[in-house]
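In our numbering, the protein residues as written are 1053 to 1398. Step one of this worksheet: look at the structure below.
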């Protein structure tokens, strides 16, 4: 009834009303498709009347509702670029985050956001800093002046960073292949300080990020290992595989953690000898990471037990990455007169 009434009165709504209605739908997490389509059409017609907050709120609403209306997004991007100098810090951050969540890469828009963010960086809070760098990294957009400014700002407000912001900034640096040593040191120190409240995903992402940057920060890795070991029973597939891959990549040996990962992997992927693998529990990249980690750290029993069932997917097709390890290991073992210890027979 409310939806029908709203559609009947759309012609009486101004730009602010339209944006507020979209925002309300997102806050309620209710997608009424007929109403949304009517709102989107009306918003395009009045886009020149949208102010920065209305543009930002509407984009945020679409991101929350996971609806990428291309005509409306195109209109909002054009309107945003015309009025970008009037965007405040929150509006800039929300706009970049929203377009990124919808996988909408608009080079001109993001260039405008970066240019406008630079002179306003002193007003950025921790969330805006984190969200903006995350957005550019997610879309693989490298903007050196913006990255440098965000890094400097993040260092300055290190004590204000939440655990999510610590892991997001770490992930963004890794995604952008940006080894900013001073910021990495700050993120490591803050992660260690808050290590007991980092959730399992944040632990996993932070480990992955530092390994991707080839940065072996031993105190951080030791802290992550201790917390991962204590919580391993609650870890999901990727939360098991990411630390395994990260520690092996950095050649950081932690036997208690690898033993726990081995047991957790066996249980998670249901690969005990007396029962077949459950295809629903298999995540190919996750299995590959653990198999590769076991192979790299010369744990043939774990690698063998995981690789053989994982090499055949639920459809009976060979899982290419895992099978590749089996082939590689077998070939390397051929020329080893002493019997290659990590050899996994085909």
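We put the CB at the ideal spot given by N, CA and C, even for glycine.
Please state the DSSP three-state secondary structure of residue i.
i	result
residue 1305	coil
residue 1137	helix
residue 1072	helix
residue 1291	helix
residue 1153	helix
residue 1286	helix
residue 1085	helix
residue 1374	For residue 1374, the predicted structure reports a pLDDT of 44, less than 50, and the residue's modelled location is therefore unreliable. A value from the coordinates is still provided. Three-state DSSP puts residue 1374 in a helix.
residue 1266	coil
residue 1109	helix
residue 1170	helix
residue 1298	helix
residue 1176	coil
residue 1065	coil
residue 1103	coil
residue 1159	helix
Looking only at its chain, what residues have a beta carbon closer than 8 Å to the beta carbon of residue i, apart from the 5 residues adjacent to it on each side?
i	result
residue 1092	1121, 1123, 1124
Please report the straight-line C-alpha distance between residue i and residue j, rounded to a whole angstrom.
i	j	result
residue 1277	residue 1308	9 Å
residue 1254	residue 1064	47 Å
residue 1208	residue 1265	22 Å
residue 1306	residue 1299	8 Å
residue 1304	residue 1186	27 Å
residue 1135	residue 1099	12 Å
residue 1315	residue 1148	41 Å
residue 1068	residue 1195	33 Å
residue 1268	residue 1317	24 Å
residue 1118	residue 1103	22 Å
residue 1301	residue 1221	20 Å
residue 1312	residue 1228	31 Å
residue 1247	residue 1188	26 Å
Since residue i and residue j should fall inside the 8 Å C-beta cutoff, what is the C-beta to C-beta distance between them, to a whole number of angstroms?
i	j	result
residue 1158	residue 1129	5 Å
residue 1223	residue 1256	Actually they do not touch by this definition, with Cβ atoms about 10 Å apart.
residue 1105	residue 1132	Actually they are not in contact, since the Cβ atoms of residue 1105 and residue 1132 sit about 11 Å apart, beyond 8 Å.
Can you find the residues in the same chain that come closer than 6 Å, C-beta to C-beta, to residue i, ignoring five residues on each side of it along the sequence?
i	result
residue 1238	1207, 1210
residue 1074	1091, 1110, 1113
residue 1088	none
residue 1205	1173, 1176, 1181
residue 1153	1115
Leaving out the 5 sequence neighbours to the left and right, which residues in its chain are closer than 7 Å to residue i when beta-carbon positions are compared?
i	result
residue 1170	1197, 1198, 1201
residue 1070	1091, 1094, 1095, 1098
Runs of 4 residues minimum, wholly inside the segment 1225-1259: which ones carry the alpha helix (DSSP H) assignment? As far as the segment 1225-1259 is concerned, its whole alpha helix (DSSP H) runs of at least 4 residues are 1233-1245.
Start-end ranges of the alpha helix (DSSP H) lying completely within the segment 1182-1217, minimum 4 residues: 1196-1208
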